[in-house]
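**Student:** Have a look at this one before I ask anything.
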Amino acid sequence: LLSEMYGFEISASLISKITDRILPKLSEWQERPLKERYFLLWIDCIFYKIREEGQVKSKAVYVVIGLDLEGYKEILGFWVNGVETSRFWLGVLNDLRVRGVKDVFIFSIDGLLGLDKAIEAVFPKADIQRCVVHQIRNSLRYVSWKERKELSRDLKKVYGAGTLDRAEREFDAFSAKWGKKYPHVVKSWQVNWEALTTFFRYPIEIRRVMYTTNIIESVNSKFRKATAGRRVFPTDEALLKCLYMAAVEVERKWSRPIRDWPSVYAQIAILFEERLK
Numbered sequence: 034l035l036s037e038m039y040g041f042e043i044s045a046s047l048i049s050k051i052t053d054r055i056l057p058k059l060s061e062w063q064e065r066p067l068k069e070r071y072f073l074l075w076i077d078c079i080f081y082k083i084r085e086e087g088q089v090k091s092k093a094v095y096v097v098i099g100l101d102l103e104g105y106k107e108i109l110g111f112w113v114n115g116v117e118t119s120r121f122w123l124g125v126l127n128d129l130r131v132r133g134v135k136d137v138f139i140f141s142i143d144g145l146l147g148l149d150k151a152i153e154a155v156f157p158k159a160d161i162q163r164c165v166v167h168q169i170r171n172s173l174r175y176v177s178w179k180e181r182k183e184l185s186r187d188l189k190k191v192y193g194a195g196t197l198d199r200a201e202r203e204f205d206a207f208s209a210k211w212g213k214k215y216p217h218v219v220k221s222w223q224v225n226w227e228a229l230t231t232f233f234r235y236p237i238e239i240r241r242v243m244y245t246t247n248i249i250e251s252v253n254s255k256f257r258k259a260t261a262g263r264r265v266f267p268t269d270e271a272l273l274k275c276l277y278m279a280a281v282e283v284e285r286k287w288s289r290p291i292r293d294w295p296s297v298y299a300q301i302a303i304l305f306e307e308r309l310k
C-alpha cells in the first residue's frame with residue numbers, strides 16, 4: 034500500500050518494529066483492573082493460523098465481553114491457547130478474579146464440554162445460559178434441507194414460549210413429531226435442556242440480552258474483518274496487536290448503554306437485590 038500510494042517500500046521487519054510501540058499499551062490493557070460486578074459475561078473462541086516452531090498451527094483466541102451494571106459493554110481481554118478447553122477457560126476466569134471481578138450474575142456460553150464446571154468453580158453464584166442460536170445451528174446440521182424451515186419453526190415454539198411449562202409442552206410435541214426421524218436432535222436438546230432454558234427464570238427484558246452469544250459473534254466478525262489480510266500470523270504477539278487495535282475501535286462505538294437498559298436494570302435491582310448491596 035505504501036509502495037502504491039507514495040512510491041517507496043519498507044520491510045516487514047520495520048513495520049513490525051513500528052507496531053511494537055503499542056505493546057506496552059496492549060500489556061496495560063490486558064492487565065487493567067476490572068469492575069467488581071458484571072451482570073453478564075459472553076465468552077467464546079475465535080481461531081487463527083499462527084506460525085510456531087516452523088509449523089502453521091490453528092490456535093484459539095479466548096474472548097470475554099462483559100456487560101456492567103450501568104449497561105455498557107466492555108471487552109475484558111484476549112487469551113491465546115492451542116485449542117479451546119474447559120481447563121484453559123478455568124485459567125481465564127481466575128485471571129478475571131485476580132483483576133478484580135468478584136461476582137458475575139449470568140454467563141452466556143457455547144456448548145464446550147466442561148465449561149459450566151469451570152464457571153461454577155470460580156463464580157459459583159452465576160447462572161449459566163447456553164446459547165440457543167448455537168444449539169439450533171448444531172441441530173440443523175443433521176436435518177435435510179427440505180425440512181429445515183419446518184423444524185426451525187417448531188423449535189421456535191419451544192424457545193419462544195412465554196413460560197418454562199409452555200416450553201416443555203412444546204418440546205414434548207416437537208419430540209413426538211421429529212423424534213423418530215431425528216433422534217439425535219431431540220436427545221441433544223434433552224441433554225442440554227437445563228442450560229438452554231435458564232433464561233425462562235427471568236423477565237422478558239432480561240431474556241433478550243442473555244439467551245444468545247450473538248453479541249460476541251458480532252465482535253468476532255469485526256476481528257475477522259480487521260485481520261482479513263493475514264492468512265497466517267508470524268507470532269501470537271503479532272495477532273494480539275491486530276486484535277487489540279480492532280478492540281479499541283469496537284469499544285469506541287460502545288458509547289451508550291444497551292437498548293432499554295433502564296427497564297433491564299429495574300428487573301435486576303429486584304432479582305439481585307442482596308448481591309447489589
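This note's numbering puts the last residue of the sequence shown at 310; the count rises by one with no breaks.
Backbone N, C-alpha and C define an ideal beta-carbon position, used for all residues, glycine too.
By the 10 Å Cβ neighbour count, where 16 or more other Cβ atoms means buried, how is Tyr39 classified, buried or exposed?
**Tutor:** If you number the sequence shown from 1, residue 39 lands on position 6. Looking at its Cβ environment, which holds fewer than 16 other Cβ atoms inside 10 Å, Tyr39 is exposed.
**Student:** Among Glu282, Leu273 and Arg240, which has the Cα closest to the Cα of Phe72?
**Tutor:** On the sequence shown, residue 72 is found 39 positions in, with the first residue counted as 1. Taking only the C-alpha atoms, the option nearest Phe72 is Arg240.
**Student:** Counting pairs of Cβ atoms below 8 Å between the segment 272 to 279 and the segment 49 to 68, do you hit three or more?
**Tutor:** Touching, yes, given that three or more Cβ pairs across the two stretches are closer than 8 Å.
**Student:** To the nearest angstrom, report how far apart Gly144 and Leu74 are at their CA atoms.
**Tutor:** The residue given as residue 144 occupies position 111 in the sequence shown. The residue given as residue 74 occupies position 41 in the sequence shown. When rounded, the distance between both Cα atoms is 15 Å.
**Student:** From Ile43 to Ser36, what does the alpha carbon distance come to, in whole angstroms?
**Tutor:** As a first step, residue 43 must be located in the sequence shown, where it is residue number 10. As a first step, residue 36 must be located in the sequence shown, where it is residue number 3. About 8 Å.
**Student:** Should Gln17 be labelled buried (16 or more other beta-carbon atoms within 10 Å of its own) or exposed?
**Tutor:** Residue coverage of the chain in this structure runs from 34 to 310, which leaves residue 17 outside it and unanswerable.
**Student:** Taking DSSP's pairing of strands, which residues face Tyr71 in a bridge?
**Tutor:** Locating residue 71 in the sequence shown gives position 38, where the first residue counts as 1. Partner(s): Val137.
**Student:** Given this structure, state the Cα-to-Cα distance separating Ala154 from Ser119, to the nearest angstrom.
**Tutor:** Position 121 of the sequence shown, counting from 1, holds the residue named residue 154. Position 86 of the sequence shown, counting from 1, holds the residue named residue 119. Those two C-alpha atoms are separated by around 11 Å.
**Student:** What does a CB cutoff of less than 6 Å around Ile248 pick up in its chain, not counting 5 residues either side in sequence?
**Tutor:** Within the sequence shown, the letter at position 215 stands for residue 248. Answer for Ile248: Trp75, listed in chain order.
**Student:** Which residues share a DSSP beta bridge with Ala93?
**Tutor:** Counting from one through the sequence shown, the residue named residue 93 turns up at place 60. Ala93 pairs with Phe80 and Asn114.
**Student:** Name, in chain order, the residues that DSSP records as bridge partners for Phe266.
**Tutor:** Here residue 266 refers to the residue found at position 233 when the sequence shown is read from its first residue. In the DSSP output, where bridge partners are listed per residue, Phe266 has Ile83.
**Student:** Report yes if the C-beta distance between Gln168 and Asn114 is below 9 Å; otherwise report no.
**Tutor:** In the sequence shown, counting from the first residue as 1, residue 168 sits at position 135. In the sequence shown, counting from the first residue as 1, residue 114 sits at position 81. The answer is no: Cβ separation not under 9 Å.
**Student:** For Leu126, which of Val96, Leu102, Ser185 and Leu146 has the nearest alpha-carbon?
**Tutor:** Residue numbering aside, residue 126 sits at position 93 when the sequence shown is read from its first letter. Among Val96, Leu102, Ser185 and Leu146, the Cα nearest to that of Leu126 belongs to Val96.
**Student:** Tell me where the alpha helix (DSSP H) around Arg120 begins and ends.
**Tutor:** On the sequence shown, position 87 is the one that residue 120 refers to. Looking at the DSSP string, the run of the alpha helix (DSSP H) that includes Arg120 is Ser119 to Val131.
**Student:** Which partner residues of Ile108 appear in the DSSP bridge assignment?
**Tutor:** Counting from one through the sequence shown, the residue named residue 108 turns up at place 75. In DSSP, Ile108 forms a bridge with Ile98.
**Student:** Leaving out the 5 sequence neighbours to the left and right, which residues in its chain are closer than 7 Å to Arg264 when beta-carbon positions are compared?
**Tutor:** One-based indexing of the sequence shown puts residue 264 at position 231. Cβ within range, chain order: Lys82.
**Student:** Can you give the Cα-Cα distance for Arg234 and Pro267, rounded to whole angstroms?
**Tutor:** The residue labelled residue 234 in the question sits at position 201 within the sequence shown. The residue labelled residue 267 in the question sits at position 234 within the sequence shown. Looking at the two C-alpha atoms, the distance is approximately 46 Å.
**Student:** Using only the alpha-carbon positions, how far apart do Val252 and Ala45 sit?
**Tutor:** Taking the first residue of the sequence shown as position 1, residue 252 is located at position 219. Taking the first residue of the sequence shown as position 1, residue 45 is located at position 12. Answer to the nearest angstrom: the Cα atoms are 28 Å apart.
**Student:** With a threshold of 6 Å on Cβ separation, who are the neighbours of Glu203 within its own chain once the five nearest residues in sequence on each side are excluded?
**Tutor:** Position 170 of the sequence shown, counted from the first residue, corresponds to residue 203. Hits under 6 Å: Lys190, Val191 and Ala194.
**Student:** Per the DSSP calculation, Asp160 is bridged to which residue(s)?
**Tutor:** On the sequence shown, position 127 is the one that residue 160 refers to. Partner(s): Ile139.
**Student:** Out of Leu109, Lys220, Leu309 and Ala299, which one is the CA nearest neighbour of Tyr175?
**Tutor:** On the sequence shown, residue 175 is found 142 positions in, with the first residue counted as 1. Comparing Cα-Cα distances from Tyr175 to each of Leu109, Lys220, Leu309 and Ala299, the minimum goes to Lys220.
**Student:** Is it true that the CB of Lys68 sits closer than 9 Å to the CB of Leu34?
**Tutor:** Within the sequence shown, numbered from 1, the residue matching residue 34 stands at position 1. Within the sequence shown, numbered from 1, the residue matching residue 68 stands at position 35. Going by C-beta atoms, Leu34 is not nearer than 9 Å to Lys68.
**Student:** To the nearest angstrom, report how far apart Glu85 and Gly212 are at their CA atoms.
**Tutor:** As a working mapping, residue 85 is identified with position 52 in the sequence shown. As a working mapping, residue 212 is identified with position 179 in the sequence shown. Going from the Cα of Glu85 to the Cα of Gly212 covers about 46 Å.
**Student:** To the nearest angstrom, how far is the alpha carbon of Leu197 from that of Trp122?
**Tutor:** Here the question's residue 197 lines up with position 164 in the sequence shown. Here the question's residue 122 lines up with position 89 in the sequence shown. Approximately 30 Å, taken between the alpha carbons.
**Student:** Residues in its own chain within less than 6 Å of Ile291 by CB, not counting five upstream and five downstream?
**Tutor:** On the sequence shown, position 258 is the one that residue 291 refers to. Within the same chain, Ile291 has close Cβ partners Gly104.
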